[in-house]
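Chains as they are written, first to last, in the numbering used here: chain C, 207 to 566; chain L, 78 to 738; chain F, 4 to 309.
Glycine included, every Cβ here is placed at the ideal spot set by N, Cα and C.
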Amino acid sequence: MRNRRTLPPESEEPALTPLGTTPTPPVRTRTGDIIHTAPEFAIGEADVRSAELHQTTLKGTSLWRDAWRRLLKNRLAVFGLIVVCLILVASLAGPYVISHTTGYSYDFIPKDSKLVKSFAPFIAPDGSFSWTHPMGTDNAGRDILARVLIGGRISLMVGIISTFVSLLIGISYGATSGYLGGRADNLMMRIVDVLYSLPYMMIIIVLLAMFGGRSPLGQLVLLFIALGAVSWLTMARIVRGQVMSLKNQEFVLAARATGVSTSRIIFRHLVPNTLGPVIVYATLTIPSVMLQEAFLSFLGLGVQAPLASWGSLAADGIQNIAIFPWQLIFPGVTMALTLFSLNFLGDGLRDALDPQMRKV
Amino acid sequence: MDLHASRWVQIACVLLTLALVAASCTTRANDSQFFGLVKPPAENVLRYISGDEPESLDPQVSSGQPEARIYMAIFAGLVEYGPKTDAPIPELAEHWEVNNDNTEFTFHLRPNLHWSNGDPLTAQDFVYSFRRALSPALASRSAYLAYYIKYAEGYNSGAMFVRDPQSGAFVLARDVELEAQTKAAETQSPSAPVDQKQLAEHPELAKGETTELDTPFHHFMHEPDRLVVSGDEAERAKAAATNPKLKAALAGKELVPVKAEDIGVEAPDEQTVRISLAQPAPFFVGLLAHQLFRPVPRQAIERFGAAWTQPQNMICSGAFKLEQWKPYNVIVVGRNPQYWDASNVNLDKIYFYPTNEATTMMNMYKAGEVDATYNHTVPPAWLDRIRPLKDYMNAPEMATEYYQINITKPPMNDVRVRKAFNMAIDKQALSDFRKVTKPLYAFMPEGIFPGYAKVPGDGFDPAKARKLLAEAGYRDASGNYDPTKFPINQVELSYNPSESNRAVAEFVQAQWKQNLKLTVPLKAIEWKTFLDTRSRLEYKGFSRAGWIGDYADPFTFLALFYTPKGDNGTGWWDPKYVKMLDDANHQLDPQKRYALLAQAESYMLDAQPVIPLLTNATNLMKKPYVKGMYPNPQTLHAWKFVYIERDPAKWDYGVPDMSAE
Amino acid sequence: MLRFIMRRILVTIPMVLIVVTLTWGLIRLAPGNFYSGEKKLPPAVEKNLREKYGLNQPWYVQYYRLMRNVVQLDFGTSLKYEGQSVNSILVRTVPVSAILGLLAYLLALTVGLIAGVLAALKQNSKIDYASMALAMLGISLPSFVLGPLLVLIFSLTLYWLPPARWNGFPSWNLLLPVLTLSAIYMAYIARLTRSGMLEVLRSDYIRTARAKGLKELDVILRHALRGGLLPVVSFTGPALALLVTGTVVVERIFALPGLGNYFINANLNRDEPLIIGIVAFTSIVILLFNLLVDIAYAYIDPRIRY
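Structure representation (structure tokens):
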């Protein structure tokens, strides 16, 4: 087992290195399963084993339950959770409710030419107050509320699924690369570099030409592939960086010395310790994926008109910002509210999952 | 944790909303009769948004309108687009004659024409330029516009004449014509006034006033048409297989490539350009304003190759010469003192800004950084606000928007179904929605070609549409129209993504939903992929199309279906239609010709391979102090007439008078 | 370390060739041609064009020609913009994108780091919430919304700044595009810095450093910031590479002659030489920046070795 005294040559100048200034052994014993019961550092297999054993015997303090309990204590996170749930429910049920109360669906263009224009919120065509369009109408006289709600379905689905895909691939790829190091790391990262360099648009054009246009469902799957395909790359690099910095720490060395398998070290010991930046980056991925979807519709990959997404609604709205500001404000604010909530939730989740927080 | 954070969030949201509302209110409160700042530029210059970045500054290479706008400043042609109607007006040619069957055009150049470097510009420059435009090595994309010129297509496609090695005589086209074809050809041109044989013997018959300029080449042009066969052996064999006469004619003969010198352009003297056509084309003078036919500087091209278009190498012939070219940024042209009419050129410089982002250019216009924009630049949603303003220019445009129908696939192979879908669209409502356009029921844009009788086309009639669909077999037991019987999964409406295409498609979809109870799925396809599926007829149902005329004549629209079989993206092709057009072009009286063309249009619409939607309108902005610029049908401005008026009393308040040229 | 750098620089060459090969294959698979347009060209014109650009030759001849040119760093002439060499387009557009991208990233880095560090130091304070709320605003305001908004306010309402166009460097024309471009990166950096710093600030070596009586500023700048920067550094490689190689949205909104706009158009126009040239350039930049990032890792965190 190596300890901190056999550090690489570059790090021998103490003042420059975080570790060099540390007189005591590092105590990053934050692997999810040993935290609660183990003392500050895990030394041997036996300890780990006993820790796991110990933990399972402790009633109701599994990692997730524990995290959930802490999450509920975080008022902002709870606020975020509630808002996200509300928006989710609204976008699932809302369109039905609206079409049954006002008769407007997201694609309904009035037959009367006089109604085919953009009315301000709560304004009836004759200028009086009306509840029919609380968010106004768009250029074709369609109800913006109905469009925002239907757009929510698409955007939330796109944002969450694509981010999940990017998390899944990015974490496993980045952690493996960072942990293995050397040649394997070099190869894996060069593959990422190649993927970065390829013309993304061309890939989508080709994907669409080969698999597009079969069915709406296929189109959706293609969309997730296209969005997931790029967003995991930066994630992988971030995870790799974290893992490279963690992998020579004592708790990993300990685990390795006690014969824990490589995959177990990566996924049980290293990955949980990278969750901070990962969750932050994931919450940043959601908006970028949502907006990218609007761009892809330019290539014919996004949702097909007259269906809308928040991204496409905002892109349309900005064209008319000077004249019909409500076309941008309502989709924009809904999206911003969702993203804020998701971020509070993400921050809360991170804090809840971060074992160090428990000591604070 | 506390609630401060959510308060911050609230504040941020409120601030954002306020900023948006404040910004929009302040801009709205700023109401004047013009859009944004109205301040003439300090210098005597025009700053113009010219559309997409030009693909090239070689007029024979790039064929688009954005480039045409720049070429009109730096290259002069035989004729120029008139400022108000786009009809040809004399430019480098002072006057011209046409022979009596519209196959020969003789142009007389103005005396003392010069290139911008001082070299004389002569008829030889035109001959050089026409030959270059058609040369296979240049591979000009618009070369087909010159195919009306005799042997031009042969030269451009690398085709061959057929010659008898013993006698040296060329095989003639009529020698290999099959009986039926000969007959068709005869009936096809009953109005051809001059017999080919007669012409061969007495060339002066066709020459009008230019008998004194007799040349051997001219005689060659009036010999009977030589046979032109493909340069590709396999294709020749294929043609020969179906035509025994051709097979016989080819046996034992030698093939001679059609050369640049064979095409029907000659310079009998320094100041005369004579053009001979392969077929009558009454609209040919109008076509000559196109950039393909503008003379290019031989000296610069031979010296610099492709780099001749760089400002330091460029030699110009127009009212302006190229000074600066910064791609995607600006093109600057300045006064050309060598131009024949330099004293009547008003502006010192023109700045062309290449951008196609509507919002960006409207911003620049509003901020007073540009003086005018190209066509279709005002987003429809802005029109409620902009239409009353006095610097908004709207006039009919030589451009149409329509949906093509793939008539090769069921259920669209049934003309009743095609007609039903056409009748189920309320085009008046569509045009109200698009605000700047006029409804289009026939194929010809309205109000562009004076004297052309409007073909009515089918109007909006949802009841009849449903009846037609019922007749086509989509009915229930009692014979009424039943939408559930219609194979809606076999139909789509595909379009290339753009905000306006999508808006129209959504509207049309809603119309069909309301009137036929059918929800046709929309499908946006990236442009080049879209073109591919359209030209291969792989799309199902409908695909978006639009056409801007190449020249000011109805034929530019009707010729879209003149193409070889099905090559027009619909699969519809009818030899009778082609013959009707040929007959019309052989007609010498313009009124009668228009009537024949209208008949052909009506015949085509009976088959309904397209759903006409809208006649476009110019829809652009022009500051009131920019004078001499008119929203003409192609938005192509003859720049020498444009000037900056500093006296507000003489400004344009509204669309300037466009009645007389 | 030197050997490591040399190796990585050498590996760039085969990497670029691989990227170019894959791209070339993709272009071949994509439907449509550089010359297709609203009206279908007559077959003769099409044939002339294909011959002119050597597209009639067998694929291996074309591939060989491509590879030979790429190795010589000569990408030929654009198909869409006839007569302009790809290299001349790169020489013209890269500075525009690079100036824009570097300025925006510099701004983002400065503001983002300060905001992130302050937020982490005063976790759950007003400063923390304020800067994170602003960061979220930056993230949820996409540049296609932020750009026009800024123009609306500063150019069209106040008439302070020009609404668009490139006017050289330095110039006021740059201010709005740089602001627009940096907003989202600012937000990313602030959030990543905050989370990285929080992690490090709780670690024992910082506690030790403080215990040793080092000045707080010293602790933060010399010890904490380094560890906290790790995620930001990981993010910087790709982000900077993408910024420098052009950002379509901002270039379009502000009508700037940068690389991004050319690249998108090249893809849409199937302009093979231009696509390949830009892709090759991009891949070199990405490899280079990621190399810099890897070097920076070793500097920031000596536990990382290669």
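Original post:
Among L:ASP196, L:VAL305 and L:GLU181, which residue has its Cα nearest to the Cα of TYR416 of chain L?
Top reply: L:ASP196
Original post:
If you count every other CB in all the chains shown that lies within 10 Å of the CB of MET298 of chain L, and 16 or more means buried, which is it?
Top reply: buried
**OP:** Name, please, each residue of chain L whose Cβ falls closer than 7 Å to the Cβ of PHE504 of chain C.
**Re:** PRO574
**OP:** Specify the secondary structure class of TRP624 of chain L as computed by DSSP and reduced to three states.
**Re:** strand
Subject >> Residue-level contact to chain F via CB, VAL407 of chain L, 9 Å cutoff >> reply: Interface residue, yes.
Original post:
Looking at the C-beta of ARG371 of chain L, does it have a partner C-beta in chain F at a distance below 9 Å?
Top reply: no
**OP:** Put VAL719 of chain L into one of helix, strand or coil per three-state DSSP.
**Re:** coil
Original post:
PHE397 of chain L lies in the alpha helix (DSSP H); which residues open and close that run?
Top reply: First-last for PHE397 of chain L: 397 to 403, but that is the beta strand (DSSP E), not the alpha helix (DSSP H).
Subject >> C-beta contact flag for ILE721 of chain L and PRO117 of chain L at 9 Å >> reply: yes
Subject >> Sequence-distant residues of the same chain with beta carbon closer than 7 Å to LEU466 of chain L, five excluded per side >> reply: GLN110, PHE111 and PHE112
Original post:
What residues in the segment 170 to 191 of chain F have a beta carbon less than 8 Å from any beta carbon of chain L?
Top reply: none
Original post:
GLU181 of chain L: buried (16+ other C-beta within 10 angstroms of its C-beta) or exposed?
Top reply: buried
**OP:** Could you check which residue in L:ILE126, L:PHE718 and L:LEU697 has the C-alpha nearest to that of TYR405 of chain L?
**Re:** Measuring from the Cα of TYR405 of chain L, the nearest candidate turns out to be L:ILE126.
Subject >> Contacts that VAL322 of chain C makes with chain L (C-beta to C-beta distance below 9 Å) >> reply: ALA506, ASP509, PHE510 and PHE584
Original post:
Since ARG380 of chain L is in the beta strand (DSSP E), which residue starts that stretch and which ends it?
Top reply: That residue, ARG380 of chain L, is in no beta strand (DSSP E); its alpha helix (DSSP H) goes 375 to 381.
Original post:
Since LEU362 of chain C contacts PRO301 of chain C with CB under 8 Å, what's their CB separation in whole angstroms?
Top reply: About 14 Å separates the two Cβ atoms, so there is no contact after all.
Subject >> the segment 606 to 615 of chain L in contact with the segment 507 to 522 of chain L per 3-pair CB rule at 8 Å >> reply: The segment 606 to 615 of chain L is not in contact with the segment 507 to 522 of chain L.
Original post:
Between TRP62 of chain F and ARG303 of chain L, what straight-line distance do the alpha-carbon atoms span, to the nearest angstrom?
Top reply: 38 Å
Subject >> Sub-9 Å separation of ALA501 of chain L and ALA542 of chain L beta-carbons >> reply: yes
**OP:** Determine, using beta carbons only, whether GLY104 of chain F comes closer than 9 Å to chain L.
**Re:** no
Subject >> Exposure label - GLN668 of chain L; buried when at least 16 CB within 10 Å >> reply: exposed
Subject >> Where VAL138 of chain L meets chain F, residues with beta-carbon distance less than 9 Å >> reply: GLU85 and GLY86
Original post:
In this structure, what does DSSP give as the bridge partners for TRP173 of chain L?
Top reply: L:PHE184
Subject >> Cβ neighbour criterion (16 or more within 10 Å) applied to GLY329 of chain L >> reply: exposed
Original post:
What does THR307 of chain C pair with, by DSSP beta-bridge criteria?
Top reply: Beta-bridge pairing links THR307 of chain C to no other residue.
Original post:
At a CB-CB cut-off below 7 Å, which residues of chain C make contact with PHE147 of chain F?
Top reply: ALA521 and ILE524
Original post:
So what does DSSP say about GLU168 of chain L, is it helix, strand or coil?
Top reply: Here GLU168 of chain L sits in coil by DSSP.
Original post:
Checking contacts by CB at 9 Å: is PRO340 of chain C closer than that to chain L?
Top reply: no
Subject >> Cross-chain neighbours of ALA346 of chain C in chain L, by beta carbon under 9 Å >> reply: PHE510, ALA580, GLU583, PHE584 and ALA587
Original post:
So which residues on chain L does ASN264 of chain F lean against when the C-beta distance must stay under 7 Å?
Top reply: TYR405
Original post:
Looking only at C-alpha atoms, which of L:VAL239, L:GLN387 and L:ARG240 sits nearest to PRO131 of chain L?
Top reply: Of all alpha-carbon atoms in L:VAL239, L:GLN387 and L:ARG240, the one lying nearest the alpha-carbon of PRO131 of chain L is that of L:GLN387.
**OP:** Mind listing the chain C neighbours of ASP304 of chain F? Cutoff is C-beta to C-beta under 7 Å, in chain order.
**Re:** One finds SER451 in chain C with Cβ atoms closer than 7 Å to the Cβ of ASP304 of chain F, taken in chain order.
**OP:** Taking 8 Å as the threshold, find out whether the segment 284 to 295 of chain F comes into contact with the segment 237 to 253 of chain F through three or more Cβ pairs.
**Re:** yes
Subject >> Selection from L:ASP309, L:GLU300, L:GLU174 and L:ASP535 that minimises the alpha carbon distance to SER234 of chain L >> reply: When L:ASP309, L:GLU300, L:GLU174 and L:ASP535 are compared, the shortest CA-CA separation from SER234 of chain L is found for L:ASP309.
**OP:** Following the continuous beta strand (DSSP E) through ASP448 of chain L, name the residue where it begins and the one where it ends.
**Re:** No beta strand (DSSP E) holds ASP448 of chain L; DSSP gives it neither H nor E.
Original post:
Comparing the C-beta of VAL86 of chain L with each C-beta of chain F, is any distance below 9 Å?
Top reply: Interpretation of VAL86 of chain L is limited by its pLDDT of 46, a score under 50 that renders its predicted location unreliable; no figure is taken from the coordinates.
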